[in-house]
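Engineer: Numbering (this note's numbering), first residue to last: 7 to 255.
Here a beta-carbon is modelled for each residue, glycine too, at the ideal position from N, C-alpha and C.
These figures come from a predicted structure and were not determined experimentally.
1) Can you tell me the Cα-Cα spacing of residue 243 and residue 25, whole angstroms?
2) Let's see if you can read the secondary structure: which residues bound the alpha helix (DSSP H) around residue 83?
3) Considering just the uninterrupted stretch of the beta strand (DSSP E) at residue 198, what are its terminal residues?
4) Taking the alpha-carbon positions, what's the residue 191 to residue 158 distance?
5) Leaving out five residues on either side along the sequence, give the residues of the same chain with a beta carbon under 6 Å from the beta carbon of residue 116.
6) Please determine, among 180, 223, 76, the residue with the shortest C-alpha to C-alpha distance to residue 240.
7) Compute the Euclidean distance between the alpha carbons of residue 33 and residue 68, then round it to the nearest angstrom.
8) DSSP three-state call for residue 23: helix, strand or coil?
9) Are the CB atoms of residue 233 and residue 218 within a distance shorter than 8 Å?
10) At which residue ranges does the region 147-174 contain complete alpha helix (DSSP H) runs of 4 or more residues, listed in the order of the chain?
11) Around the C-beta of residue 251, are 16 or more other C-beta atoms found within 10 angstroms, so that it is buried, or is it exposed?
12) Mind checking who residue 37 pairs with in its DSSP beta bridge?
13) Residue 133 and residue 120 look like a contact to me (Cβ under 8 Å); what is the Cβ gap, rounded to whole Å?
14) Starting from residue 222, follow its DSSP beta bridges and name the residues at the other end.
15) Measure the CB-CB distance between residue 103 and residue 17 and report whether it falls below 8 Å.
16) Does the separation of the CB atoms of residue 213 and residue 246 fall below 8 Å?
17) Does the separation of the CB atoms of residue 88 and residue 177 fall below 8 Å?
18) Residues in the same chain with beta-carbon distance under 8 Å from residue 143, minus the five sequence neighbours each way, listed in chain order, please.
19) Name the residue from 80, 209, 14 whose alpha carbon lies nearest to the alpha carbon of residue 235.
20) Tell me whether residue 129 sits in a helix, a strand or coil according to DSSP, three-state version.
21) With distances taken between CB atoms, is the gap from residue 66 to residue 39 smaller than 8 Å?
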């Protein structure tokens with residue numbers, strides 16, 4: 007069972023950066039870095055993660071699974087399932103996993119996962135699982151104001167970020183053990199049950215410098231998104247930015 011060892015900071019540049027330093031120094035699996043504030047928090051594609059002091063959960067967890075690097079991306083799905091379940095079952099909000107690892111409420115982002123990997127050719131040395139959750143924010147910078155939300159905005163209530171962290175970690179322990187002992191299939195089954203994005207949804211996927219447009223039709227056993235394109239073929243998307251399409255012409 008994953009066991010936590012928590013390091014707390016008032017302010018850091020990024021919890022992932024601190025966790026990486028600890029991992030390089032030999033910190034064991036389950037070591038967790040929690041900060042009240044990040045001055046240079048980041049999400050996928052090096053985007054800035056809005057991290058006002060005391061208003062969100064900003065933390066990173068060190069994992070050391072004995073696996074080849076090819077299996078590592080599924081740990082993002084493990085964390086996404088744990089996050090969505092925490093939000094749904096503990097806070098009563100309609101959390102929805104947006105492939106690959108964002109969690110949305112009503113089409114707005116409430117939480118994100120940034121996974122960073124250090125590996126040799128045949129084995130993972132460690133994984134930094136960065137998890138940010140908007141807990142008590144009531145406003146956001148103009149550039150993300152229409153795309154972000156918080157648990158407080160959805161429920162009208164103020165919450166303790168540490169209480170959220172503990173509830174999330176309990177579910178992460180559960181799903182990490184499921185993944186470790188039962189494999190990817192059970193995790194992906196639950197992931198698909200918690201996501202409106204991965205089956206029957208018309209989407210536009212930005213993959214680097216090209217776009218894939220079509221209807222989603224599930225996930226591969228490794229977590230790639232399957233899209234039936236307008237030309238009739240099925241494409242497996244390994245990485246990309248998904249946008250729902252409400253109207254297809």
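Structural biologist: Quick look at the numbers:
1) Counting from one through the chain shown, the residue named residue 243 turns up at place 237. Counting from one through the chain shown, the residue named residue 25 turns up at place 19. Between residue 243 and residue 25, the C-alpha separation is close to 29 Å.
2) Locating residue 83 in the chain shown gives position 77, where the first residue counts as 1. It spans 80-91 - the alpha helix (DSSP H) in which residue 83 sits, taken as one unbroken run.
3) For this step, residue 198 is matched to residue 192 along the chain shown. Premise fails: residue 198 lies in the alpha helix (DSSP H), 190-199, not in any beta strand (DSSP E).
4) Locating residue 191 in the chain shown gives position 185, counting from the first residue. Locating residue 158 in the chain shown gives position 152, counting from the first residue. Distance between the alpha carbons of residue 191 and residue 158: 33 Å.
5) On the chain shown, position 110 is the one that residue 116 refers to. Contacts found: 109, 140, 155.
6) Walking along the chain shown from the start, residue 240 turns up at place 234. Considering only alpha carbons, the answer is 223.
7) Your numbering for residue 33 matches position 27 in the chain shown. Your numbering for residue 68 matches position 62 in the chain shown. If you take the alpha carbons of residue 33 and residue 68, they lie about 8 Å apart.
8) What you label residue 23 is simply residue 17 of the chain shown in a count that begins at 1. Helix.
9) The count along the chain shown starts at 1 and reaches residue 218 at position 212. The count along the chain shown starts at 1 and reaches residue 233 at position 227. Yes. Within cutoff.
10) 157-161
11) On the chain shown, residue 251 is found 245 positions in, with the first residue counted as 1. Exposed: under 16 other Cβ atoms inside 10 Å.
12) Counting from 1 along the chain shown, the entry for residue 37 is found at position 31. Residue 37 is bridged to 11.
13) Taking the first residue of the chain shown as 1, we reach residue 133 at position 127. Taking the first residue of the chain shown as 1, we reach residue 120 at position 114. Your pair residue 133 and residue 120 does not check out as a contact, with CB atoms roughly 11 Å apart and the cut at 8 Å.
14) In the chain shown, the residue the question calls residue 222 occupies position 216. 233.
15) Residue numbering aside, residue 103 sits at position 97 when the chain shown is read from its first letter. Residue numbering aside, residue 17 sits at position 11 when the chain shown is read from its first letter. Against a cut-off of 8 Å, the Cβ pair of residue 17 and residue 103 comes out as no contact.
16) Within the chain shown, the letter at position 207 stands for residue 213. Within the chain shown, the letter at position 240 stands for residue 246. Cβ distance < 8 Å, so residue 213 and residue 246 count as in contact.
17) The residue labelled residue 88 in the question sits at position 82 within the chain shown. The residue labelled residue 177 in the question sits at position 171 within the chain shown. Result yes, Cβ atoms of residue 88 and residue 177 sit closer than 8 Å.
18) Your numbering for residue 143 matches position 137 in the chain shown. So the list reads 56, 58, 61, 62, 154, 156, 158, 159, once near-sequence residues are dropped.
19) Numbered from 1 along the chain shown, position 229 holds the residue referred to as residue 235. Here the closest residue by C-alpha is 209.
20) Counting from one through the chain shown, the residue named residue 129 turns up at place 123. It is coil, neither helix nor strand.
21) Here residue 66 refers to the residue found at position 60 when the chain shown is read from its first residue. Here residue 39 refers to the residue found at position 33 when the chain shown is read from its first residue. Yes; because the gap between Cβ atoms is below 8 Å, this pair is in contact.
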